[in-house]
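Peer 1:
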Amino acid sequence: MHRVTLIPGDGIGPEVAEAARRVLDASGAEIEWIRVEAGEAMLERYGTPLPDSVLEAIRETKVALKGPITTPVGEGFRSVNVQLRQALDLYANVRPARSFEGIPSRYSGVDIVIFRENTEDLYAGIEHRIGDWAAESIKLITRQASERIARAAFQYARREGRRKVTIGHKANIMKFTDGLFLETARAVAAEYPDITCDDVIVDALCMRLVMKPEQFDLLLLPNLYGDIISDLCAGLVGGLGVAPGANIGDEMAVFEAVHGSAPKLAGQNKVNPTAMILSGAMLLRHLGEAEAARRVEEAVRRVLAARERVTYDLGGTATTSEMADAVIAALEEMG
Ligand code: NAD
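Remember, the numbering used here sits 9 above the position in the sequence shown when you count from 1.
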């Protein structure tokens, strides 16, 4: 029996988290869920969107499945998602982008994994106003954080049979910060001669991704570029509704969809649960439940390919819970 923290989140979070929980419970893996609340409702009740109980539960179970959480724009509210990643030192944000048959998209055959550094860069939150006329944000890149994300990417590439790692950067302009990221990643690459490594300037990377995404295998990126490029890659394979992700550290891991809380769509039982379900499959693999993970992915693949019981964003009319039911039915059919 695995113990896993479940954070439903807010907005569409509770709907997609519930869909994923039901699918994981039907996957064959035995999971005891420890349910904790974070997000807007907690802010109203306790004055913080991230109560200590959430961090304590994750520290205890080591693994969590998390729905998206709203971050109001502007002052006075630091992103819960960023806080969580920093507090638990979840330094690797892993986001696969894979084409599925049945998902309307401009491309086919895309299979890219993004490794995004998750703790520093412009997301470190070191920023301030300078009087009334300016504001300043510090882009912090350290050798230690660059080295561990690079090592995580190369180890993953070796373990999962990926052949090429492409480092994205802007070291031609930001010679010190991106320069350090690039230099450090190249030094790690030298320890993995079996894996090809190249690098590309991030603007050129955007162009090449939309022209020939099949050129890429694994992308290694600092935090900000990684965030932007992962939405771009989600768009290559059919949108945010199908893009899963994980935040992984040496001791703990939090699995969540790339998409946010889409507040306008909340409470309508309408959005696509696939991204959360596939994040759940990544969680199963992390727990060592490779067979259950493979079964969940295969069940999702069947439901998408049949195109009958899919949500509106994929051209269907199914609700969130009906699509989850379809995935569970496919699991049962597989025996
Ligand atoms: P979003 O991802 O919530 O939504 C953007 C659009 O994508 C939606 O309007 C919808 O059209 C589509 N979409 C997203 N998820 C979908 C799904 N499952 N099925 C179908 N369509 C889907 O992005 P946003 O509007 O920029 O952000 C809303 C809030 O979410 C913000 O407060 C933001 O800070 C937060 N956010 C949280 C996380 C997280 O918890 N990890 C990540 C990103 C954004």
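For each residue, glycine too, the CB sits at the ideal point set by N, CA and C.
1. Expressed to the nearest angstrom, what Euclidean distance is found between the alpha-carbon atoms of E126 and A180?
2. Which residues does DSSP list as the beta-bridge partners of R104?
3. Taking only heavy atoms of ligand 1 into account, decide whether any of them is closer than 8 Å to the Cβ of G18.
4. Is E265 near ligand 1, going by C-beta to nearest heavy atom under 8 Å?
5. Does the Cβ of Q92 have 16 or more other Cβ atoms within 10 Å, making it buried, or fewer, making it exposed?
6. Would you identify the three-state DSSP class for R251, choosing helix, strand or coil?
7. By DSSP, does D130 sit in helix, in strand, or in coil?
8. Which of helix, strand or coil does DSSP assign to L245?
9. Give the range of the beta strand (DSSP E) segment to which A198 is assigned.
10. If you follow the alpha helix (DSSP H) that R294 is in, where does it begin and where does it stop?
11. If you measure from each residue's Cβ to the nearest non-hydrogen atom of ligand 2, which ones come out under 5 Å, in chain order?
12. For A308, I'd like the list of residues in its chain whose CB is within less than 8 Å of its CB, leaving aside the five on either flank, ordered along the chain.
13. Kindly give me the distance between the Cβ atoms of G20 and P272, rounded to whole angstroms, as I take these residues to be in contact under 8 Å.
14. Out of curiosity, what's the CA-to-CA distance linking A314 and R304?
15. At the level of alpha carbons, what is the spacing between G118 and G248?
16. In this structure, does DSSP put L15 in helix, strand or coil?
17. What does the alpha-carbon distance come out to for the pair I204 and R160?
Peer 2: Working from what's here:
1. Roughly 16 Å between the two C-alpha positions.
2. Paired residue(s): I123.
3. Yes, since a heavy atom of ligand 1 falls inside the 8 Å radius drawn around the Cβ of G18.
4. Yes, the Cβ of E265 comes within 8 Å of a heavy atom of ligand 1.
5. That one is buried.
6. Inspection of the sequence shows that residue 251 is occupied by Val rather than by Arg. V251: helix per DSSP, three-state reduction.
7. The answer is strand: DSSP assigns D130 an E or B state.
8. Helix at L245.
9. Element bounds for A198: not the beta strand (DSSP E) but the alpha helix (DSSP H), T186 to A198.
10. Counting along the chain, the alpha helix (DSSP H) containing R294 begins and ends at T283 to H295.
11. With respect to ligand 2, the structure shown offers nothing to examine, as its ligands consist of ligand 1.
12. Only V32, V336, I337, A339, L340 and M343 meet the Cβ criterion.
13. In this structure, G20 and P272 form a Cβ contact; the two beta carbons are roughly 5 Å apart against a cut-off of 8 Å.
14. A314 and R304: Cα-Cα distance of roughly 15 Å.
15. Distance between the alpha carbons of G118 and G248: 15 Å.
16. Annotated three-state conformation of L15 is strand, per DSSP.
17. The C-alpha of I204 lies about 12 Å from the C-alpha of R160.
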